[in-house]
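UniProt numbering puts the first residue of the sequence shown at 1, with every later residue one more than the last. Ideal Cβ placement from N, Cα and C applies to all residues, glycine included. In what follows, a structure is listed as structure tokens, so that the remarks can point back to it.
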Amino acid sequence: MTELTVIGFYLDHWIFIDHWKSSLIILLLVTLINLLNVRFYGEFEFCLALIKVVAVVGMIIFGFFLIVTGIDGNQVGIHHLWAHGGFFPYGAMGVVLATCVVMFSFGGTELIGIAAGEVSNPPKTIPIAIRKVIWRIVIFYVGSISVIMMISPWNMIGEKGSPLLQSLRP
1 MTELTVIGFY LDHWIFIDHW KSSLIILLLV TLINLLNVRF YGEFEFCLAL IKVVAVVGMI
61 IFGFFLIVTG IDGNQVGIHH LWAHGGFFPY GAMGVVLATC VVMFSFGGTE LIGIAAGEVS
121 NPPKTIPIAI RKVIWRIVIF YVGSISVIMM ISPWNMIGEK GSPLLQSLRP
């Protein structure tokens with residue numbers, strides 16, 4: 001239900017209807033998709049995942065474009081990574097506490113180990129899958145965090161929504 005509420009907030013930018021109405025429409029749509037056959041559900045899930053990946057990659061590319069060209073004379077760049085207290089403004093304890101939160105982002109990577117029992121050649125395919133996961137973490141997580149921090153210093157990111165969208169907003 002939380003996700004439905006968030007979707008209602010996102011839809012407010014384009015569709016001006018009550019949150020409960022947009023949440024109900026999305027709930028009915030998701031229920032309908034789940035009631036259809038598995039093949040359609042898989043295709044739909046694939047399309048939604050593709051949209052998400054393309055959006056994140058597009059935001060990273062656009063962020064690098066803003067870093068290279070500048071934003072209306074505002075200071076952007078790699079210096080934001082070291083400014084305002086540097087990498088560890090709250091010391092080692094800050095890193096430990098942040099790591100607890102960050103680890104939830106990596107849920108699902110353990111499926112590589114589960115898949116080892118189902119693939120035809122585990123000694124060959126599992127190391128390849130592990131390397132791909134590592135590169136995906138570097139590109140999507142470290143890349144997006146780096147872009148966010150180079151555009152907007154960490155102490156300027158507020159609680160007004162997605163940090164990636166906030167940093168790309170004029």
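Under the DSSP assignment, L28 falls in the alpha helix (DSSP H) whose first and last residues are 19 to 35. Listed in chain order, the alpha helix (DSSP H) elements of length 4 or more contained wholly in the UniProt domain "Amino acid permease/ SLC12A" (3 to 159) are 19 to 35, 38 to 69, 91 to 102, 111 to 115, 122 to 136, 143 to 151.
Scanning its chain for C-beta atoms nearer than 7 Å, with the 5 sequence neighbours on each side dropped, one finds around V56 the residues F140, S144, in chain order. If you draw a straight line from the Cα of T109 to the Cα of V133, it comes to about 7 Å. Burial is judged here by how many other beta carbons sit within 10 angstroms of a residue's own beta carbon; M59 has at least 16 and is buried. A direct Cα-to-Cα measurement between V102 and W82 gives close to 21 Å. Between the stretch 5 to 19 and the stretch 31 to 45 there are fewer than three inter-stretch CB-CB distances shorter than 8 Å, so the stretches are not counted as touching. A residue is called buried once 16 or more other Cβ atoms fall within 10 Å of its Cβ, and G85, having fewer, is exposed.
Measuring C-alpha to C-alpha distances from H80 to each of I128, L32, S146, G63 identifies S146 as the nearest. Residue environment: M149 is assigned as buried (16 or more neighbouring CB atoms within 10 Å of its CB, all protein chains considered). S23 places its beta carbon 8 Å or farther from that of L48.
CA-to-CA, the gap between K21 and M1 works out to about 13 Å. Of the candidates F88, L29, A129, I7, A129 places its Cα closest to the Cα of L111.
Between I26 and I51, the C-beta spacing is not below 8 Å.
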